[in-house]
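Residue numbers (the numbering used here): 17 to 579.
Think of the CB as a built atom: it goes at the ideal place given N, C-alpha and C, for glycine as much as any other residue.
Only one structure is covered here, and it is reproduced in the block below.
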Amino acid sequence: DQMDAQSLAIADARVQSELGAGRAEVFEVFPLFGPYPAEWSACSTGACYQVDIYNFDREATVTAIVDQGTGQVLDVWHIDGVFPLVNKRLYNRAVEIIQQSPDVEAALGFVPEAAQIRLMDQIHMDSQCDGSRLCAGATFYSDSGALWVLVDLVDEKIEKIWWSDRPVDMSSALYNPKPEREPEDCGTTIHVARDGWNLDYRTTPTDALEITSVTYNVDGVDRPVATRMKLVEWHAHYPSGFGYRDYIGCGGGGGGFAIYPYGNTQVLDINSGDAVIGFEVVQDFRMSNWGNSCNYRYEQHFQFFDDGRFRVVTGAYGQGCGNNQLNEATYRPVVRIDIAVNGDDNDSFAVWDGATWADQTTEAWWLQEAPYTAEGYRYRVTDQSGVGYYIEPGQGQFGDGGTGDNAYMYLTQHHASEGDSDMPLLPNTGCCNNNYMQGPQSYIDGESTTDQNIVLWYVPQSETITTWAVQNGYGDAQYCWTDNTSNYWPCFSGPMFVPIPESPPTAVSLSTLAANDGLEPTQGGFTLVLVLAAGLSMAIATGFLLRRRNLAAQQASNVLDRH
Numbered sequence: 017d018q019m020d021a022q023s024l025a026i027a028d029a030r031v032q033s034e035l036g037a038g039r040a041e042v043f044e045v046f047p048l049f050g051p052y053p054a055e056w057s058a059c060s061t062g063a064c065y066q067v068d069i070y071n072f073d074r075e076a077t078v079t080a081i082v083d084q085g086t087g088q089v090l091d092v093w094h095i096d097g098v099f100p101l102v103n104k105r106l107y108n109r110a111v112e113i114i115q116q117s118p119d120v121e122a123a124l125g126f127v128p129e130a131a132q133i134r135l136m137d138q139i140h141m142d143s144q145c146d147g148s149r150l151c152a153g154a155t156f157y158s159d160s161g162a163l164w165v166l167v168d169l170v171d172e173k174i175e176k177i178w179w180s181d182r183p184v185d186m187s188s189a190l191y192n193p194k195p196e197r198e199p200e201d202c203g204t205t206i207h208v209a210r211d212g213w214n215l216d217y218r219t220t221p222t223d224a225l226e227i228t229s230v231t232y233n234v235d236g237v238d239r240p241v242a243t244r245m246k247l248v249e250w251h252a253h254y255p256s257g258f259g260y261r262d263y264i265g266c267g268g269g270g271g272g273f274a275i276y277p278y279g280n281t282q283v284l285d286i287n288s289g290d291a292v293i294g295f296e297v298v299q300d301f302r303m304s305n306w307g308n309s310c311n312y313r314y315e316q317h318f319q320f321f322d323d324g325r326f327r328v329v330t331g332a333y334g335q336g337c338g339n340n341q342l343n344e345a346t347y348r349p350v351v352r353i354d355i356a357v358n359g360d361d362n363d364s365f366a367v368w369d370g371a372t373w374a375d376q377t378t379e380a381w382w383l384q385e386a387p388y389t390a391e392g393y394r395y396r397v398t399d400q401s402g403v404g405y406y407i408e409p410g411q412g413q414f415g416d417g418g419t420g421d422n423a424y425m426y427l428t429q430h431h432a433s434e435g436d437s438d439m440p441l442l443p444n445t446g447c448c449n450n451n452y453m454q455g456p457q458s459y460i461d462g463e464s465t466t467d468q469n470i471v472l473w474y475v476p477q478s479e480t481i482t483t484w485a486v487q488n489g490y491g492d493a494q495y496c497w498t499d500n501t502s503n504y505w506p507c508f509s510g511p512m513f514v515p516i517p518e519s520p521p522t523a524v525s526l527s528t529l530a531a532n533d534g535l536e537p538t539q540g541g542f543t544l545v546l547v548l549a550a551g552l553s554m555a556i557a558t559g560f561l562l563r564r565r566n567l568a569a570q571q572a573s574n575v576l577d578r579h
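Okay, here's the thing in structure tokens:
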């Protein structure tokens, strides 16, 4: 089926027009999973595939969505300056280039074996391999330091070789990037129904753990919350101007540079004291030699609370590839949240300006900063119906060791080609931008965000604090750091979405109720009477309002204990 999908894509006139007459190659063919946008609705009854083709001459990725069931190509688009998951042929070609390089042999003193070469999506800002060009990097360790080798896969040559002065253990280079046992949910959709929530999860090829079709039950109705939430890529930036863009996921085709899942996805309780207050869907991703230098570990936690809140959490453990002191990574995960408040359409976004909620009418981005509301909210997303969420960025208040997100927030109008399928590398970014150019800004072009289908992109920034830094007075506690597999200090980040209390019923006097419903006021006590929107009346105890008032305080006091 994948070969048939590839053939259909290559034969499509739109694909041929995008590719032109130059050099191009199919990199990956992935199954396409729902939920599907309207333009791909045919996929709900047939087998659809995503075909990624790299145009070497234009340095662009062309993607085709193919309905294998009907033999039709449903959609085609291209993105300049990005490349998809590298295929096995090119991976092997990069290994050959390194082995055949006299400069590499001279630097190392030997020709490395293929088993010693582990390629990653490596970037150096003082080279052509700055994030926009198809490149691969390998690192070799010795007692005297680390040798870094960058391969340009467009021109098929060594682009840059340099040393770092950090002495590390040779075992750091001896990781096996494939897990011994593939997680059961790779490419498989698993459903969770719990605590009023319904959702699906799966581990994708390159976009990590993905949560889709999220609903929460309100008054007996499963109300839509989010269509798709996932982590597109990690940026690991080192002060000396190099770094990585990391995929986490199941990979595909035996090539590429993905960091694979470690064990199966778990659904765990969230506790506050002895009480279970929700659950989280958790996936661990790690290099199999994690605990050693330049071997990364990442985690995702999607947390769902029984009071209707939810939080999208990412975590980095290290260990980085710097000097073990101050020259270590700043981690920036790029999280995509296709919010769907009471459905995909008719959503709007607002920012707290210190006095009121200022509606944002067009696509834009913000760096996290004050002012916040008294509850710590910075943003708000609402539907025309009035349903919505306050968005509470991390400021160190969530009890998971996070010290603050310092996050970029991006607001865009939804387009299927901008994340409804597995994404290649994001455009107009790299590992090492210290500003808003983390990738999602490429989708900001002035479109309306009032009463629209909108997407939120959230990019926290977490700076490593090593054990050396703590011991030498440069920090109070380790952060984003691993000494070994028994001693580690992850940095967790991510926003909390808090339901906006819906408008309470309107209060009326007892005499009015008596006139309307024939009831007599009673003496010797106090009763609060509410008239519901449908015109029905009921009497309730004053404790109802007290419970509503205390909701925010209760939410703020919850400290999470994971089991």
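Practice problem: Mind reading off the beta-carbon distance from Y312 to D262? Whole number of angstroms is fine, and I expect it under 8 Å. | Solution: 6 Å
Quiz prompt | Contacts around I355, its chain only, beta-carbon distance under 6 Å, and the 5 residues preceding and following it disregarded | solution = A242, V397 and L472
Practice problem: Just tell me which of C145, A291, A224 and A80 has its CA closest to the CA of A29. | Solution: A80
Quiz item: When the Cβ atoms of the segment 200–213 are set against those of the segment 399–418, are three or more pairs found closer than 8 Å?
Solution: no
Self-check item: Reference T428, options L106, Q457, C448 and G265, closest by Cα
Solution: Q457
Exercise. Check the C-beta distance from F273 over to V297 and give it rounded, since I have them as a contact under 8 Å.
Key: Contact flag wrong, Cβ pair sits at about 25 Å.
Self-check item: Coil, strand or helix - L24 by DSSP
Solution: helix
Quiz prompt | Backbone CA spacing between T480 and M19 [nearest angstrom] | solution = 44 Å
Exercise. Could you tell me which of H431, V329, P440 and L442 sits nearest to P476, measuring between CA atoms?
Key: V329
Self-check item: Close beta carbons around E121, own chain, < 7 Å, minus the five adjacent residues each side
Solution: V127
Quiz item: How about V248 and L442: are their beta carbons less than 8 Å apart?
Solution: yes
Quiz prompt | A21 classed as buried or exposed, judged by whether at least 16 other C-beta atoms fall within 10 angstroms | solution = buried
Quiz item: Does the Cβ of A105 have 16 or more other Cβ atoms within 10 Å, making it buried, or fewer, making it exposed?
Solution: Note on identity: in this sequence residue 105 is Arg, with Ala being the wrong assignment. R105 should be labelled exposed.
Exercise. Indicate the three-state DSSP secondary structure (helix, strand or coil) for N108 in the structure shown.
Key: helix
Quiz item: Are the CB atoms of Y424 and L383 nearer to each other than 8 Å?
Solution: yes
Exercise. State yes or no: is the C-beta of N340 within less than 8 Å of the C-beta of W178?
Key: no
Quiz prompt | Inter-residue spacing [alpha-carbon to alpha-carbon] between I264 and D235 | solution = 38 Å
Self-check item: Own chain, CB closer than 7 Å to P47, minus 5 neighbours either side, in chain order
Solution: Y65 and G203
Quiz item: What whole-angstrom Cβ distance do C507 and A332 have, given they're in contact under 8 Å?
Solution: 5 Å
Exercise. Might you give, ordered along the chain, the residues of its own chain that have their beta carbon closer than 7 Å to the beta carbon of D580, omitting 5 neighbours on each side?
Key: Since the first and last residues shown for the chain are 17 and 579, residue 580 lies out of range.
Quiz item: Cβ atoms of C496 and H253: under 8 Å apart, would you say?
Solution: no
Self-check item: Per DSSP, the bridge partner or partners of N500
Solution: N503
Exercise. Taking 8 Å as the cut-off, decide whether the C-beta atoms of I470 and F365 are in contact.
Key: yes
Quiz item: Rounded to a whole number of angstroms, what is the C-alpha to C-alpha distance between N532 and P515?
Solution: For N532, the predicted model reports a pLDDT of 40, less than 50, meaning its position is unreliable and no value from the coordinates is stated.
Exercise. Keeping to the same chain, check which residues put their C-beta closer than 7 Å to that of Y459; ignore five residues upstream and five downstream.
Key: T428 and E434
Quiz prompt | Nearest-angstrom Cα separation, counted from S33 out to I26 | solution = 10 Å
Quiz item: Under the rule that 16 or more other beta-carbon atoms within 10 Å means buried, what is K246, buried or exposed?
Solution: buried
Exercise. Could you round the C-beta distance between P511 and E379 to whole angstroms and report it? I think they count as a contact, below 8 Å.
Key: With a Cβ gap of about 19 Å, P511 and E379 do not count as contacting.
Quiz item: Can you tell me where the alpha helix (DSSP H) with D467 in it begins and where it stops?
Solution: Counting along the chain, D467 falls outside any alpha helix (DSSP H), and DSSP gives it neither H nor E.
Quiz item: Tell me which same chain residues have a C-beta within less than 7 Å of the C-beta of T445, skipping the five on either side of it?
Solution: G147, M453, Q454 and G455
Quiz item: Are the CB atoms of E37 and N71 nearer to each other than 8 Å?
Solution: Before going further, note that residue 37 is Ala rather than Glu in the sequence given. Going by C-beta atoms, A37 is not nearer than 8 Å to N71.
Quiz prompt | Reduced DSSP secondary structure (H/G/I, E/B, other) of L35 | solution = helix
Exercise. Classify D216 as helix, strand or coil using the three-state DSSP reduction.
Key: strand
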